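Residue numbers (the numbering used here): 69 to 258.
Yeah, the Cβ is synthetic: ideal placement off N, Cα and C, and Gly gets one too.
The model shown is predicted, which means the values in this text are computed figures rather than measured ones.
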């Protein structure tokens, strides 16, 4: 694996070197805590139209702008391919966790998001002891919904006008999905 996978710093530079989508094996992903040298690549991916449509423009503080979330960089063949994050509700009466992620659109439909969600879900169920996970993609985000369903998430309901549109002028609906530990698909039959 590449010790320094960062290929660019900042949005105005040449795009970072990306994993080759044609020569990709989703089992060759790894997750590492977000580090300072990942920021340039993560910002570049985050600003791609296929990501910013769902995640808005990154805040100036990104990726350090959500201190209650644990953020992990998704590496594909040693190169940065996206980010996955999770948060945990620690109140014993309501204990559960949530996940969200983005993957470079050039790597969509290659199993990268599915593998990353599976790894984080496995960790949250097995190591952190959660019995339930949730996620709430926009109802139009069919790529994300398909990934979550492969792992075992099921639709619970639509939360109407629950999130601001990226332009800040309107609202859109989200699909609340959850998964119990007994519903987790670890991927053996895929």
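What residue range is occupied by the uninterrupted beta strand (DSSP E) comprising residue i?
i           : result
residue 242 : 239 to 248
residue 143 : 138 to 144
residue 101 : 97 to 101
residue 156 : 147 to 157
Taking Cβ positions, are residue i and residue j nearer each other than 9 angstroms?
i           : j           : result
residue 113 : residue 144 : no
residue 154 : residue 141 : no
residue 171 : residue 149 : yes
residue 219 : residue 193 : no
residue 225 : residue 232 : no
residue 99  : residue 188 : yes
residue 201 : residue 165 : yes
residue 199 : residue 242 : no
residue 97  : residue 195 : no
Classify residue i as helix, strand or coil using the three-state DSSP reduction.
i           : result
residue 273 : Nothing about residue 273 can be reported from this structure: the residues present for the chain run from 69 to 258 only.
residue 173 : helix
residue 168 : strand
residue 205 : coil
residue 89  : Reliability fails at residue 89, whose pLDDT of 45 lies under 50, so the model's placement of it is uncertain and the value that follows must be treated cautiously. Reduced to three states, the DSSP call for residue 89 is helix.
residue 253 : coil
residue 41  : Past the edges of the chain, shown from 69 to 258, lies residue 41, and the structure says nothing about it.
residue 123 : helix
residue 132 : coil
residue 200 : strand
residue 195 : coil
residue 118 : helix
residue 69  : Residue placement at residue 69 is poorly supported in this model, since its pLDDT is 37, which falls under 50; the coordinates still yield a value, given next. Three-state result, residue 69: coil.
residue 110 : helix
residue 181 : helix
residue 94  : Because residue 94 carries a pLDDT of 49, less than 50, the predicted location of this residue cannot be relied on, and no value is offered for it.
residue 186 : helix
residue 163 : coil
Below 8 angstroms on the Cβ atoms is my contact criterion, and I expect residue i with residue j to pass it. Report the Cβ-Cβ distance as a whole number of Å.
i           : j           : result
residue 205 : residue 212 : 4 angstroms
residue 151 : residue 175 : Not a contact, Cβ separation roughly 12 angstroms.
residue 120 : residue 234 : 6 angstroms
residue 209 : residue 132 : Contact flag wrong, Cβ pair sits at about 25 angstroms.
residue 160 : residue 116 : The Cβ separation is near 40 angstroms, so there is no contact.
For the alpha helix (DSSP H) holding residue i, just list the boundary residues, first then last.
i           : result
residue 236 : Here residue 236 belongs to no alpha helix (DSSP H), and DSSP marks it neither H nor E.
Confirm the yes/no value for this check: CB of residue i, any heavy atom of the ligand ADP, distance under 8 angstroms.
i           : result
residue 145 : For the ligand ADP, the structure offers nothing, since it holds no ligand at all.
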